[in-house]
Structure formats: structure tokens, C-alpha cells
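Asker:
Residue numbers (my numbering), protein chains in the order written: chain A, 34 to 127; chain B, 313 to 509; chain C, 71 to 158.
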């Protein structure tokens with residue numbers, strides 16, 4: 034996984050592991066396939082997708098990523114934002 | 313006749329709790345005394361801690377800087393029990409940005425500084441609408457923001473817990489921290505209301 | 071989901087507080103993480119999910135997870151239910 038920097042434009046992977054079996058995912062549905070901007074690096078934390086099944090959990094970098102609600106909903110006010118904690122495994126450079 | 317796992321899981325919650333609690337105590341795993349102690353410790357956290365943090369930030373610029381740099385350490389200075397707690401992020405409201413905290417996925421809440429999450433924070437309506445229509449949600453509390461103020465909704469999806477550092481209201485010049493803390497409500501530190509006199 | 075928000079305060083019951091404390095103790099003793107709790111809640115079939123209160127979902131997830139991990143067995147739980155049922 035590549036390191037991302039504040040200010041970098043990123044895309045949340047358009048993946049739906051829920052369709053393939055029991056999972057625990059902390060990337061909201063409303064962000065899948067959407068584009069945002071990295072705001073900051075929050076640290077490294079064990080992957081909750083593994084913790085949820087009591088499996089060994091590798092540490093992942095957690096990013097704070099800003100999304101424009103107008104790009105998500107189509108009718109939102111410009112200037113507003115939604116800031117979400119997203120793990121590096123769900124992000125790719127856009 | 314033995315019950316299947318499905319039947320066991322459908323036993324009413326109150327009965328399930330008593331049985332599990334008794335069973336875990338009999339097995340020496342968790343005792344009733346430990347549970348009682350944990351209830352007392354959890355009950356001790358409340359919005360009063362968050363209010364003291366905000367009031368100090370309003371009256372002590374160096375504390376404010378520390379709070380915005382390392383929320384957990386600054387919270388601990390004001391008596392929050394942060395050992396084993398998730399890292400605390402503090403969101404500074406400005407004249408152009410108002411923050412609103414939500415956990416769309418469940419109910420993650422900065423419990424160490426605000427206590428148990430309120431019923432509304434855990435509700436489907438709040439969780440769904442805070443990201444979709446934040447101004448509509450604020451209106452449920454009668455809160456409207458001035459023109460020119462944008463909203464930043466912070467969805468607590470992972471390891472951080474977030475509290476809002478609201479703006480100090482006008483008319484409080486010369487007030488000490490205790491007097492300022494007394495006007496703060498829980499909602500002011502989540503973002504559904506703004507501090508008022 | 072997009073419904074009016076009930077902004078009224080709702081007091082926590084003794085049941086609520088006890089379930090909350092039990093979950094914390096299980097996490098502190100490394101028997102069940104908050105992530106496992108969430109997974110268990112997400113696995114509740116939708117119709118049942120809506121029929122349960124917040125902490126009823128928690129105790130259901132705790133029961134399911136502890137059973138699945140073998141911390142308790144179905145036979146033990148059934149016996150404990152019978153025992154607590156017969157106590158006054």
C-alpha cells in the first residue's frame with residue numbers, strides 16, 4: 034500500500050466485500066467508489082476487519098479524508114464537508 | 313429438551329444478561345463485584361468533564377493549544393480517565409466552520425469526556441441524517457447557523473473519538489471557567505447546539 | 071432511517087448499565103473486543119434488529135460471540151437460564 038499525503042486526492046475502492054461473505058467493514062457504503070482529499074494522517078491501528086473475527090490484525094495507517102457532500106448527494110450546499118476516518122487498505126490515488 | 317443456539321439467542325435480553333453474568337461469575341471469568349465497580353467508574357464520566365475542558369480552553373490560550381494538539385493528554389489534565397480509551401480528537405469551531413459529530417456505523421462517542429452517548433446520538437434518524445442533511449438535524453434542536461458558516465460533519469468510523477470545541481458566546485467577557493462551564497450542554501460538544509446564555 | 075430525531079433524554083436502565091459494564095469487562099479481559107461486539111450486532115437479521123433495543127442488541131451479540139468462541143457452551147447457558155429462572 035502506498036503512503037498518502039495531506040492534500041492528495043484519493044478514491045475509496047468501489048468494492049463490496051459484504052457480497053462475498055461475513056465481514057465487518059468500517060468504510061461506510063456512502064463512500065464506496067467516491068473521491069475525496071486526504072486532510073491528515075491519524076496514526077496506525079490494528080485492522081478492525083480482522084479484530085472483529087478475533088484474527089491477528091495487522092496495523093494499518095488511518096487517514097482523515099474530506100468529501101464534498103455535493104459529490105455524494107447532488108443537492109448539498111457548497112462549502113460543507115464530510116470528514117471520515119478511512120484505512121489505507123480502502124484508498125487509492127485518484 | 314435442549315435449546316438450539318438460535319432459541320438461546322431469542323431469550324429476552326434481561327434473562328440472557330442474568331444467566332450470562334451468573335455463568336461468567338461461576339466460571340471465575342467476571343465477577344459481579346467487577347461489574348458493579350465498572351458501572352460506578354463509567355457513571356463518573358459525564359458532560360461536566362467536557363464542559364470543564366471547553367471552559368478552560370476558552371480562558372487559557374496555552375491549554376487551548378495543547379488541547380488542539382493532543383486531545384487525550386489535555387483531557388487527562390482535566391480529570392478524564394484516558395487510560396485504555398481511544399484517542400480524543402478536538403474539533404475547533406471557527407467563525408466560518410461549525411462541526412457536527414456522528415457515528416453512522418454504530419454509536420462511537422467520546423465517552424471519556426462526555427459520558428454515555430445520549431439516546432438521540434444512537435438513533436437511526438440521527439445516524440442517517442447527520443451526514444445527509446446536517447442543517448435539518450440542527451433544526452431538530454432549533455439550531456440555525458449564520459450565513460457564511462459551513463458545516464463539517466465528522467463521521468467517527470474508526471479509532472478516534474471526537475468532541476467539538478464550540479465558540480465562546482458573546483456576553484461572557486470576564487467570566488471565570490466555572491461560570492462558563494455551567495452554561496455548556498452536552499449537545500454543544502457534539503455540534504447539535506451552540507452555547508447560549 | 072430518514073425520520074425525525076427524538077431529541078428527548080432517555081435514562082439508562084440498570085439493565086443498560088450492566089450490559090455496558092459487562093462488555094467493558096469482557097474487552098479488558100481480552101475475551102471479546104468492541105469490534106466483535108459490532109460484528110455480532112451487524113449480523114442480527116434486520117427484522118429482529120429493529121425489534122430490539124440498543125442494549126438488547128448488545129447482549130444478543132455478547133451471547134452469540136461467547137458461544138461461538140467457546141467461552142461458554144450452549145448447555146452451560148441453558149442450565150444458567152434454568153437456574154436463574156427458578157431463583158426468586
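Ideal placement from N, C-alpha and C gives every residue a C-beta, glycine not left out.
1) On the three-state DSSP scale, how would you describe residue 419 of chain B?
2) Straight-line CA distance for residue 145 of chain C to residue 314 of chain B?
3) For residue 108 of chain C and residue 448 of chain B, I'd like the C-alpha separation in whole angstroms.
4) What would DSSP say about residue 94 of chain A, mapped onto helix, strand or coil?
5) Report the residues of the region 48 to 79 of chain A with a CB closer than 8 Å to any CB of chain B, ordered along the chain.
6) Could you run through the region 353 to 380 of chain B and flag, in chain order, every residue whose CB is less than 9 Å away from some CB of chain C?
7) Taking beta-carbon pairs under 7 Å, can you tell me which members of the region 99 to 110 of chain A lie near chain B?
8) Do we get a CB-CB distance below 7 Å when we pair residue 311 of chain B with the residues of chain C?
9) Any C-beta of chain C sitting closer than 7 Å to the C-beta of residue 81 of chain A?
10) I want to know whether the region 406 to 415 of chain B touches the region 471 to 486 of chain B - three or more CB-CB distances under 8 Å.
11) Once the 5 residues before and after residue 508 of chain B are set aside, which same chain residues still bring their CB inside 8 Å of it?
12) Considering residue 359 of chain B, what are the terminal residues of the alpha helix (DSSP H) in which it resides?
13) Which residues of chain B have a Cβ atom closer than 8 Å to the Cβ of residue 118 of chain A, listed in chain order?
14) Between which two residues does the alpha helix (DSSP H) containing residue 88 of chain C stretch?
15) Using C-beta distances below 8 Å, list every residue in its chain close to residue 103 of chain C, excluding the 5 sequence neighbours before and after it, in chain order.
16) So which residues on chain C does residue 325 of chain B lean against when the C-beta distance must stay under 8 Å?
17) Would you give the residue range spanned by the beta strand (DSSP E) that residue 410 of chain B belongs to?
18) Spatial neighbours of residue 51 of chain A within its chain, please: CB distance less than 7 Å, with the 5 preceding and 5 following residues excluded, ordered by chain position.
19) Compute the beta-carbon to beta-carbon distance between residue 426 of chain B and residue 402 of chain B, rounded to the nearest angstrom, for a pair I have assumed lies under 8 Å.
20) Please determine if the region 90 to 103 of chain A and the region 111 to 121 of chain A are in contact, where contact requires at least 3 C-beta pairs separated by less than 8 Å.
21) Could you please give the first and the last residue of the uninterrupted alpha helix (DSSP H) stretch that includes residue 49 of chain A?
22) Using the Cβ count rule (16 or more neighbours within 10 Å means buried), how would you classify residue 140 of chain C?
23) Expressed to the nearest angstrom, what Euclidean distance is found between the alpha-carbon atoms of residue 120 of chain C and residue 95 of chain A?
24) Work out the CA separation of residue 369 of chain B and residue 488 of chain B for me, nearest whole Å.
25) Return the CA-CA distance between residue 347 of chain B and residue 423 of chain B, expressed in angstroms with no decimal places.
26) Could you check which residue in B:456, B:399, B:397, B:464 has the C-alpha nearest to that of residue 414 of chain B?
27) How many Å lie between residue 134 of chain C and residue 454 of chain B at the Cα?
28) Give the DSSP bridge partners of residue 401 of chain B, in chain order.
29) Name the chain C residues whose beta carbon is nearer than 9 Å to that of residue 127 of chain A?
30) For the region 35 to 47 of chain A and the region 62 to 70 of chain A, state whether three or more C-beta atom pairs, one from each stretch, are separated by less than 8 Å.
31) Taking 7 Å as the cut-off, decide whether the C-beta atoms of residue 594 of chain B and residue 378 of chain B are in contact.
32) I'd like to check one pair, residue 85 of chain A with residue 106 of chain C: are the Cβ atoms closer than 7 Å?
33) Compare the C-beta of residue 100 of chain C against all C-beta atoms of chain A and say whether one is closer than 7 Å.
34) Quick one: give me the first and last residue of the alpha helix (DSSP H) that residue 492 of chain B is part of.
35) For residue 506 of chain B, name the three-state secondary structure that DSSP assigns.
36) From this set, B:442, B:405, B:440, which residue's C-alpha is nearest residue 548 of chain B's C-alpha?
Answerer: In short, the structure shows the following:
1) coil
2) 7 Å
3) 28 Å
4) strand
5) 59, 60, 61, 63, 75, 76, 78
6) 353, 354, 355
7) 106
8) Given a span of 313 to 509 for chain B in the structure shown, any question on residue 311 of chain B remains unanswerable.
9) yes
10) yes
11) 481, 495
12) 359 to 371
13) 467, 468, 469, 470, 471, 472
14) 84 to 98
15) 97
16) 85, 89, 122, 123, 125, 126, 129, 130
17) 409 to 414
18) 58
19) No, residue 426 of chain B and residue 402 of chain B are not in contact; Cβ-Cβ is about 12 Å, not under 8 Å.
20) yes
21) Run containing residue 49 of chain A: none; DSSP gives neither H nor E here.
22) exposed
23) 32 Å
24) 11 Å
25) 18 Å
26) B:464
27) 41 Å
28) B:474
29) Correct list: empty, because the minimum Cβ distance to chain C is about 29 Å.
30) yes
31) There is simply no residue 594 of chain B to check, as chain B begins at 313 and stops at 509 in what is shown.
32) yes
33) no
34) 489 to 495
35) coil
36) Examination of residue 548 of chain B is not possible in this model, given that chain B is present from 313 through 509 alone.
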